Amino acid sequence: MKVQVHHRFTPGLPEDDDHPYRSGAWRPQHVEYDAWDLDVEGEVPRDLAGVYLRNTENPLFEPIKRYHPFDGDGMLHSISFEEGQTRYANRFVRTDGFAAEQEARQSLWAGITEHPSNAVAEQGWGARTLLKDTASTDVIVHGGVALASFYQCGELYRLDPLSLEDRGKSTWSGAFPREGVSAHPKVDEHTGELLFFNYGLEAPHMHYGVVDRTGERVHYMDVPLPGPRLPHDMAFTERYVVLNDLPLYWDPEALAAGHYSNRFYRDQPSRFAVVPRRGTTEEIRWFEADPTFVLHFANAYEEGNKVVLDGYFQHNPTAKGVQRADARYKGFETLDVNVLEARAHRWVFDLDTGETTETPLSENFAEFPMVNGRHAGRRHRYLYSARCCRGLFAFDGLYKHDVESGTEDLYEVPKGVFISETVMAPRLGSTAEDDGYLLTFASDLGADRSDCWIFDASDPTHGPIARVRLPERISSGTHATWAPLSDL
Ligand SMILES: [Fe+2]
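In the working numbering, the protein residues as written are 494 to 981.
As C-alpha cells, this is what we get:
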C-alpha cells in the first residue's frame with residue numbers, strides 16, 4: 494500500500510476518552526490520507542468499477558455540555574475500483590461550522606441533546622435551527638459530484654467523489670432553499686434527477702423539489718403539514734414521490750417553552766403523501782396507516798395504479814419502558830434498532846380507492862436498507878440491510894432479504910468487528926438484480942484495523958471474497974453510497 498498523509502488535525506478531546514460514541518467502534522479519526530495500491534487479501538474483481546463512499550462522525554472538540562454521535566464532524570471515506578486497481582482517500586467535510594470551530598479551537602454549537610440556548614454561535618442550521626450543520630449523515634453522488642448532507646436539514650457540501658477535494662456548497666444557481674435540504678435526497682439513476690424535501694418549524698413545514706442532472710432546480714412546492722414534524726427519509730417511483738407525516742414529533746407544549754422533546758402519539762395515524770414528481774400541492778394524495786416512525790425506506794415502485802413502499806416499521810419509536818444505563822447518555826437508547834423494534838414492512842397505497850394495506854416483511858430487527866441502485870424507483874426483489882448490536886449503534890450482521898420468496902439470509906460478522914451501511918455494486922455488464930458485489934467497511938477492534946470487504950451479492954453468507962486494507966481504523970458512522978464509474 495502506498496500512503497500519504499494529507500493533513501493531521503489536533504483534537505481537543507480527553508486522552509483517555511471513555512464516551513461510548515468517542516471510543517471503541519466510534520473512536521474518531523483525525524488524520525486525512527491518500528492511499529493507492531492497497532493491500533488485498535483475496536482478489537479485487539476486475540468487473541467492479543466505481544466508488545464506495547461512506548460518511549462518518551468524528552468530533553474534534555469537547556461538547557459544550559453533552560455529546561451525541563450525530564454531533565460529530567462529517568468525514569467522508571472514498572474507496573474506488575477500476576480494473577482491479579484500488580484508491581482510497583478520507584477527508585473532513587469543510588463545513589462552515591467545521592471552519593469556525595477550527596478557528597475558535599472549541600465547540601460553538603449545542604448538540605442535538607442539549608438545549609439550543611447553550612450554543613455560543615448565534616446562527617445555525619437544522620429544522621429546529623441553531624445546530625451545527627456537520628454534513629455527517631448521508632453521502633450521495635449527483636451529476637458526478639459527491640454531496641454530503643446533514644440529518645436535520647442543511648447545506649449540501651460538494652466533494653470530488655474520488656479525491657474528496659472540496660468543491661464548495663450546492664447553490665442551484667441561487668435556488669438552494671433557505672430551509673436547506675434534509676438528510677436523504679434521492680437520485681434517480683434513470684433520469685439523473687435529484688429529488689429532495691426539507692422541513693422546519695415554520696408553515697407549511699415541508700417543501701419538496703427536483704434538481705436536474707445539471708444542477709438546476711426545476712421544481713419546488715409546498716407540502717403543508719399540521720405542524721412541525723420530523724420526517725427523515727423519502728422514496729420515489731417512476732411517476733411519484735412518497736413523503737410522510739408520522740406521529741412522532743416534538744411535543745407542541747414543550748416546543749412552546751423552547752424545548753425539543755420527541756413524543757410518539759400512538760392514537761394518531763401515520764400519513765403518507767403520494768405526489769406526482771412534478772406535481773402541485775393540490776395533487777398531493779394522503780394515505781393513512783398504522784402509527785409508527787420510519788427512519789429509512791428501502792425503495793418504492795408502481796404496480797398498476799398502486800404504489801408499493803418498503804421501509805422499516807418501528808414498534809417502539811421512543812424506546813418506551815427501556816431504562817438507559819447511565820443518565821449521561823440521554824437519548825442513546827433510541828440509537829438501538831433492537832429497542833426501536835424496527836422491522837422490514839410493506840405499505841401499498843391504492844390510488845383508485847385511497848386505501849392502504851400493510852404487511853410485515855420480517856420478524857427480525859434490522860435497518861439501513863439498500864437496493865441495487867438501478868432498481869431504485871423500480872420493482873426490486875432484494876433488500877440488503879444491517880443487523881444492529883444490542884445497546885450500541887453499530888452493525889454486526891448483514892441481511893439479504895428476498896421479498897418475493899420471503900426468505901432472509903444473514904452473514905454474522907465475527908465478534909469484535911463492526912461493519913458499515915452496505916452497498917450493492919452491480920457487476921459490469923450485469924443483468925440480474927443481485928449480479929454484483931456488496932461492499933462494506935469492517936472495523937476490527939482487536940486488530941485495530943479497517944478493511945473494505947467485498948462480498949458476492951448473490952450469496953453473502955459465504956463471507957467476503959476480498960478484504961482491502963485501509964491506512965487506519967475508521968470510526969463507525971451513518972450512511973454510505975455506491976456510484977458506478979460511468980456516473981463519475
Ligand atoms: Fe438516515
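For each residue, glycine too, the CB sits at the ideal point set by N, CA and C.
Note that the coordinates shown come from a computational prediction; the quantities given were computed from them, not determined experimentally.
_At 3 residues or longer, what runs of the beta strand (DSSP E) sit wholly inside the stretch 777 to 845?_
778 to 782, 787 to 796, 799 to 807, 835 to 843
When you compare the CB positions of tryptophan 840 and leucine 802, do they come within less than 8 Å of one another, or not?
yes
Minimum C-alpha distance to valine 735 - residue among Arg764, Thr974, Leu694:
Ranked by Cα distance from valine 735, the first of Arg764, Thr974, Leu694 is Arg764.
Q.
Less than 7 Å separating the Cβ of proline 707 from some heavy atom of ligand 1?
A. Proline is not the amino acid found at residue 707; the sequence shown has threonine there. No - ligand 1 has no heavy atom lying nearer than 7 Å to the Cβ of threonine 707.
| Considering only residues of the same chain and omitting the five flanking positions on each side of phenylalanine 757, which have a CB-CB separation below 6 Å? | Leu741, Pro810, Thr811
Point to revise | heavy atom of ligand 1 below 7 Å from tyrosine 644 C-beta | key: yes
Environment of ligand 1 in chain order, Cβ to heavy atom below 7 Å: Thr630, Asp631, Tyr644, Ala676, His677, His725, Asp726, Leu788, His789, Thr971, His972
Measuring alpha carbon to alpha carbon, tell me which of Asn611, Ser878, Asn857 ends up nearest arginine 836. Looking at the Cα atoms, Asn857 is the closest of the given residues.
Within 10 Å of its beta-carbon, does glycine 847 have 16 or more other beta-carbons around it, so buried, or fewer, so exposed? exposed
So for phenylalanine 886, helix, strand or coil by DSSP? Assigned with DSSP and collapsed to three states, phenylalanine 886 falls in coil, not helix or strand.
Hey, alanine 973 and valine 634 are a contact pair by Cβ (cut 8 Å); roughly how many whole angstroms apart?
Contact flag wrong, Cβ pair sits at about 11 Å.
Practice prompt. Output the distance between the C-alpha atoms of alanine 542 and tryptophan 975, rounded to the nearest integer angstrom.
Written response: 10 Å
*asked:* If distances are taken between C-alpha atoms only, which option among Glu826, Arg660, Leu903 comes closest to arginine 883?
replied: Glu826
Distance, Cα to Cα, threonine 730 vs histidine 789? Rounded to whole angstroms, the separation of the alpha carbons of histidine 789 and threonine 730 is 16 Å.
**Request:** For my contact list, phenylalanine 690 and methionine 727 are in at a C-beta cut-off of 8 Å; report their separation, rounded to the angstrom.
**Result:** 6 Å
**Prompt:** If you count every other CB in all the chains shown that lies within 10 Å of the CB of alanine 749, and 16 or more means buried, which is it?
**Reply:** exposed
Out of Leu553, Met494, Pro745, Tyr713, point me to the one whose CA is closest to alanine 582's CA. Met494
*Of the listed residues Leu553, Arg547, Ala528, nearest to proline 507 (C-alpha basis)*: Leu553
Pairwise C-alpha distance: leucine 601 and alanine 614 = 5 Å
*glutamine 595 - containing alpha helix (DSSP H), residue span*: 589 to 597
For leucine 741, which three-state DSSP category applies?
strand
Extent of the continuous beta strand (DSSP E) to which phenylalanine 585 belongs: 578 to 585
On a CA-only basis, which of Asp980, His725, Phe888, Thr606 is nearest serine 968? Give me that one, please.
Phe888
- Query: Beta carbon of alanine 593: closer than 7 Å to some heavy atom of ligand 3?
  - Reply: Ligand 3 is not among the ligands present in this structure, which contains only ligand 1.
Can you name, in chain order, every residue of its own chain whose Cβ lies under 8 Å from the Cβ of glutamate 576, other than the five neighbours on each side? Result list for glutamate 576: Arg539, Ala542, in chain order.
Any idea which residues DSSP pairs threonine 900 with across the strands?
-> Asp895
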